[in-house]
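Heads up: the structure comes next, in C-alpha cells.
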Amino acid sequence: MSEPHAAQNSANDYESALSSGGPSSVAAFDTHDRNFLQKLQHFLHSSPAAVPLIVLIMSLVVFGLLLGGKFFSAFTLTLILQQVAIVGIVGAAQTLVILTAGIDLSVGAIMVLSSVIMGQFTFRYGLPPTIAILCGFMVGAFCGWINGVLVARMKLPPFIVTLGMWQIVLASNFLYSANETIRSQDIAQNAPILQFFGENLRLGGAVLTYGVIGMVLLVAFLWYVLNNTAWGRHVYAVGDDPDAAELAGVNVRRMLISVYTLSGLICAFAGWVLIGRIGSVSPTAGQFTNIESITAVVIGGLSLFGGRGSILGMLFGALIVGVFSLGLRLIGTDPQWTYLLIGVLIIAAVAIDQWIRKVAG
Amino acid sequence: MTQEPILSARGLVKRYGRVTALDHADFDLYPGEILAVIGDNGAGKSSMIKAISGAITPDEGEIRLEGKVVNFRSPIEARKVGIETVYQNLALSPALSIADNMFLGREIRKPGFMGKWLRKLDRSAMETFARDKLSELGLMTIQNINQAVETLSGGQRQGVAVARAAAFGSKVIILDEPTAALGVKESRRVLELILDVRRRGIPIVLISHNMPHVFEVADRIHIHRLGKRLTVINPKDYSMSDAVALMTGAKAPEEPVAA
Numbered sequence: 001m002s003e004p005h006a007a008q009n010s011a012n013d014y015e016s017a018l019s020s021g022g023p024s025s026v027a028a029f030d031t032h033d034r035n036f037l038q039k040l041q042h043f044l045h046s047s048p049a050a051v052p053l054i055v056l057i058m059s060l061v062v063f064g065l066l067l068g069g070k071f072f073s074a075f076t077l078t079l080i081l082q083q084v085a086i087v088g089i090v091g092a093a094q095t096l097v098i099l100t101a102g103i104d105l106s107v108g109a110i111m112v113l114s115s116v117i118m119g120q121f122t123f124r125y126g127l128p129p130t131i132a133i134l135c136g137f138m139v140g141a142f143c144g145w146i147n148g149v150l151v152a153r154m155k156l157p158p159f160i161v162t163l164g165m166w167q168i169v170l171a172s173n174f175l176y177s178a179n180e181t182i183r184s185q186d187i188a189q190n191a192p193i194l195q196f197f198g199e200n201l202r203l204g205g206a207v208l209t210y211g212v213i214g215m216v217l218l219v220a221f222l223w224y225v226l227n228n229t230a231w232g233r234h235v236y237a238v239g240d241d242p243d244a245a246e247l248a249g250v251n252v253r254r255m256l257i258s259v260y261t262l263s264g265l266i267c268a269f270a271g272w273v274l275i276g277r278i279g280s281v282s283p284t285a286g287q288f289t290n291i292e293s294i295t296a297v298v299i300g301g302l303s304l305f306g307g308r309g310s311i312l313g314m315l316f317g318a319l320i321v322g323v324f325s326l327g328l329r330l331i332g333t334d335p336q337w338t339y340l341l342i343g344v345l346i347i348a349a350v351a352i353d354q355w356i357r358k359v360a361g
Numbered sequence: 001m002t003q004e005p006i007l008s009a010r011g012l013v014k015r016y017g018r019v020t021a022l023d024h025a026d027f028d029l030y031p032g033e034i035l036a037v038i039g040d041n042g043a044g045k046s047s048m049i050k051a052i053s054g055a056i057t058p059d060e061g062e063i064r065l066e067g068k069v070v071n072f073r074s075p076i077e078a079r080k081v082g083i084e085t086v087y088q089n090l091a092l093s094p095a096l097s098i099a100d101n102m103f104l105g106r107e108i109r110k111p112g113f114m115g116k117w118l119r120k121l122d123r124s125a126m127e128t129f130a131r132d133k134l135s136e137l138g139l140m141t142i143q144n145i146n147q148a149v150e151t152l153s154g155g156q157r158q159g160v161a162v163a164r165a166a167a168f169g170s171k172v173i174i175l176d177e178p179t180a181a182l183g184v185k186e187s188r189r190v191l192e193l194i195l196d197v198r199r200r201g202i203p204i205v206l207i208s209h210n211m212p213h214v215f216e217v218a219d220r221i222h223i224h225r226l227g228k229r230l231t232v233i234n235p236k237d238y239s240m241s242d243a244v245a246l247m248t249g250a251k252a253p254e255e256p257v258a259a
C-alpha cells in the first residue's frame with residue numbers, strides 16, 4: 001500500500017536521490033566478477049546435463065582403472081548399452097512427464113501390457129504381427145491419454161492418477177494374459193518381427209542391438225523436439241509455471257494430455273523392444289521399470305518440480321546406473337552395493353539440483 | 001473529450017456466488033492516454049481488468065474495442081485483437097530464456113522444409129526481434145538474450161514483460177501493479193518505460209496502489225468503488241489525499257463521471 005496521507009510533492013522527493021546517482025540502468029545484464037564456485041554454479045545452471053555427464057565419465061574412468069581391459073572392451077561397453085536400452089526408452093517417457101512437474105508410475109505397467117497385447121493379438125487371435133504391434137501402440141497411447149485426461153481435466157495429482165493406473169494396467173495385464181508366457185521359439189518361428197529390436201549389428205566386439213539404436217534415436221529425436229520446437233518449449237513452460245504458461249497463451253490442458261499420451265506411446269515402443277530383449281512375451285517382465293526410469297531421470301539432473309533439465313541428462317543417468325551395476329558385478333561384489341551406491345547418487349543428485357537452483361535467488 | 005474511446009465497457013456485472021464483484025461497472029480508455037485505475041482492495045478493479053483482458057467473462061454488459069462489440073473467452077482472444085496484459089505475477093516462465101519468454105505461445109518457425117515439416121523454431125529471428133524490442137525501450141544493455149529469466153532482477157523481469165507487451169500489443173496495454181514488487185530505483189525505470197510506450201502512441205491502463213506513481217504518469221484516474229466506477233478525475237485538479245478519500249468513500253465525488 002502507498003502512504004495515503006503523504007503530501008503530493010513528496011512523490012518525487014524521495015526519488016531525487018536517484019538522479020544524482022547517475023543514470024539508473026535497470027536492465028543491465030552485467031555479469032559481476034564471480035568466484036570459482038559461483039561460476040561453476042552458473043555453468044551448471046545453464047547446462048543441466050553436465051553433472052551426470054561428469055559423473056558418467058568419472059565412473060567409467062574409475063571402473064576402467066580397477067578392471068582394465070575386461071571393462072574397457074567394446075563388448076562390455078556395448079553390453080551396458082543393451083542393459084540400459086529399456087530403461088532409457090521408458091526414461092524418455094518419464095522425462096517428458098517429469099518436465100511438466102508430473103510423475104508417471106504406470107510406465108512399466110503400460111510397457112508390459114503393450115508387449116502382451118502385441119504377443120497375444122498375434123498368437124491368440126492370429127492377427128498379422130504388424131497389426132498386433134499397432135494395436136499395442138494404440139493401447140499404450142490410450143492408457144497414457146487416460147492419465148493425461150485425469151491429470152489435466154479432473155485436476156487430480158499425477159502421483160495418485162498414475163499410482164492407480166499402475167495397478168489397473170498391471171492387473172489387466174495379468175487378467176488378460178492369464179499369466180501365460182509366449183515362448184521365444186514360437187515367436188521366432190511365427191512372428192519374428194516382434195523380436196526385431198533384439199537383432200543386432202556387430203562391429204568387431206561391439207554388439208549394437210536394434211533396441212539400443214532405437215533408444216539412441218528416440219532420445220536424439222526428443223532432444224530435438226524439446227529444444228527446437230514450440231511444443232518442446234511449452235513442455236518446459238508448463239512444468240515451470242502452469243499459470244504463467246496459460247496467461248502467455250499456452251494451452252496447458254492440451255499440452256498435458258499430449259505429454260501423457262506420448263509417454264504411453266513411448267512405453268508401448270519400450271514394450272516392443274522388451275520382446276526383443278528377453279525373446280519371449282512375459283506378463284511378469286519389467287516389474288521395477290517405473291522406479292528405474294525415475295532413478296535415471298533424477299540422477300540425470302532433471303528436477304522433480306518440473307521445467308528444468310535435459311533429456312540427455314536422463315540418458316547419462318541411465319548409463320551411470322548401467323556402468324555401476326555391470327562394473328560392480330565384474331569386480332565381484334555383493335549386488336546390494338550397487339543399490340546402496342545408486343541410493344547415494346539419487347540423494348546427491350537432488351542435493352546438487354537444489355544448490356544449482358539457488359542461482360535464481 | 002470529443003474522441004471516441006478505443007476501449008470501453010458498459011454495465012459490466014460479474015458475480016461469484018453471492019458476491020458481486022462488478023456491479024454495472026463502466027470503463028473508457030481514450031487513444032494515446034495513460035488511464036490509471038485505483039480502488040481499495042476488493043473494490044472490483046481486478047475483476048474489471050480481467051473482464052477487459054479476457055481472463056474472465058462478465059455475466060452482463062458489453063465491451064467495445066474501437067466501437068465494435070467484442071466477447072473474449074480467454075486472454076489469448078484478447079491478445080489476438082491487440083490487447084496485451086502484463087499480469088502482476090508477470091506470466092513469465094523462470095527457467096526459459098528472455099527470447100523464449102517473449103515468444104511463448106507465438107513462436108516463429110523457420111521457413112521452408114525445416115519449419116514446415118520438422119517444425120524447427122527460428123531462433124535467430126526471435127532473438128533479433130527480442131533484442132530490437134528491448135533496445136527500442138532502452139533496455140539494451142543485455143548481453144545474453146538466452147539468459148534464463150530467473151537470473152534477472154525484479155526490475156529486469158518487469159522490463160522483459162513490458163517489452164513483450166509493447167512488442168505485440170498493437171491497440172491497448174494493460175499493466176497490473178507493475179511497480180508493486182520493485183524497489184525505488186527499479187520502479188523509476190519501469191515508469192519511464194511506461195511513458196516511452198505511450199510516446200509510441202499506445203494507450204495504457206495502469207492498475208496501481210502506489211499514489212505517487214499514479215499521479216506522476218496518469219492522464220486520467222478512474223476511481224473504482226464498490227464494484228463500479230465512482231468517478232474519473234484529472235490528477236492535476238485533485239490531490240492524492242482527495243483521491244484516497246474518494247476511493248475509501250470519505251468524500252463524495254463532485255460530478256458522477258468527469259472526463
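Chains as they are written, first to last, in my numbering: chain A, 1 to 361; chain B, 1 to 259. All C-beta atoms in this analysis are idealised placements derived from N, C-alpha and C, irrespective of residue type, glycine included. Treat the numbers as computed from the prediction; the structure is a model and nothing was measured.
Beta-ladder partner(s) of residue i, from DSSP
i	result
valine 70 of chain B	B:Ile63
valine 281 of chain A	A:Ile182
asparagine 200 of chain A	A:Thr209
arginine 220 of chain B	B:Leu35
threonine 57 of chain B	Answer by DSSP bridge pairing: none, since threonine 57 of chain B is not bridged.
Cβ-based neighbour list, residue i, same chain, cut-off 8 Å, excluding 5 preceding and 5 following
i	result
tryptophan 166 of chain A	Leu105, Ser106, Gly108, Ala109 and Asn290
arginine 183 of chain A	Ser280
isoleucine 194 of chain B	Ile34, Val162, Leu175, Pro178, Ile204, Leu206 and Val217
CB contact below 8 Å: residue i versus chain A
i	result
serine 46 of chain B	no
aspartate 100 of chain B	yes
proline 31 of chain B	no
glycine 105 of chain B	yes
proline 253 of chain B	no
serine 93 of chain B	yes
lysine 228 of chain B	no
asparagine 89 of chain B	yes
Nearest to residue i (by Cα), restricted to the options the options
i	options	result
glycine 286 of chain A	A:Ile86, A:Phe63 and A:Arg233	A:Ile86
proline 283 of chain A	A:Gln185, A:Leu328, A:Asn35 and A:Leu170	A:Leu170
isoleucine 294 of chain A	A:Thr76, A:Gln82 and A:Ile103	A:Ile103
leucine 96 of chain A	A:Gly148, A:Val62, A:Val344 and A:Gly68	A:Gly148
leucine 99 of chain A	A:Asn227, A:Ile54 and A:Val281	A:Asn227
threonine 229 of chain A	B:Asp59, B:Arg119 and B:His222	B:Arg119
alanine 351 of chain A	A:Leu326, A:Ile299 and A:Leu315	A:Ile299
arginine 260 of chain B	B:Ala25, B:Arg199 and B:Leu29	Nothing about residue 260 of chain B can be reported from this structure: the residues present for chain B run from 1 to 259 only.
asparagine 144 of chain B	A:Ser46, A:Val207, A:Ala50 and A:Ala191	A:Ser46
glycine 307 of chain A	A:Arg329, A:Leu326, A:Leu341 and A:Asp241	A:Asp241
isoleucine 56 of chain B	B:Gly42, B:Pro75, B:Met211 and B:Pro94	B:Pro75
Alpha carbon of residue i to alpha carbon of residue j, nearest angstrom
i	j	result
tryptophan 355 of chain A	glutamine 41 of chain A	8 Å
leucine 182 of chain B	lysine 133 of chain B	22 Å
leucine 56 of chain A	glutamate 246 of chain A	37 Å
proline 52 of chain A	isoleucine 80 of chain A	16 Å
glutamine 94 of chain A	isoleucine 174 of chain B	39 Å
arginine 254 of chain A	phenylalanine 71 of chain A	46 Å
histidine 209 of chain B	methionine 240 of chain B	12 Å
serine 172 of chain A	glycine 264 of chain A	16 Å
serine 258 of chain A	tryptophan 145 of chain A	7 Å
methionine 260 of chain B	proline 58 of chain B	With chain B covering only 1 through 259, there is no way to say anything about residue 260 of chain B.
histidine 234 of chain A	aspartate 122 of chain B	15 Å
methionine 89 of chain A	serine 135 of chain B	Reading the sequence as shown, one finds isoleucine at residue 89 of chain A and not methionine. Near 44 Å, if we compare the C-alpha coordinates of serine 135 of chain B and isoleucine 89 of chain A.
valine 81 of chain B	arginine 164 of chain B	15 Å
leucine 304 of chain A	isoleucine 168 of chain A	24 Å
Own chain, CB closer than 7 Å to residue i, minus 5 neighbours either side, in chain order
i	result
glutamate 66 of chain B	Ile6
proline 253 of chain B	Leu230, Thr231 and Leu246
leucine 92 of chain B	Asn101, Val149, Arg157, Val160 and Ala161
glycine 44 of chain B	Ala21, Leu22, Ala25, His224 and Gly227
Beta-carbon proximity list for residue i, same chain, < 6 Å, skipping 5 on both sides
i	result
serine 114 of chain A	Gly136, Val139, Gly140, Ala268 and Gly271
glutamate 199 of chain A	Tyr210
glutamine 83 of chain A	Gly322
serine 310 of chain A	Pro48 and Ala49
glutamine 38 of chain A	none
Short CB-CB distance (under 8 Å) between residue i and chain B
i	result
arginine 254 of chain A	no
glycine 249 of chain A	yes
threonine 261 of chain A	no
alanine 229 of chain A	With the sequence shown as reference, residue 229 of chain A is identified as threonine, and alanine is not the correct amino acid for it. Chain B, which has a Cβ nearer than 8 Å to the Cβ of threonine 229 of chain A, makes this yes.
tyrosine 236 of chain A	yes
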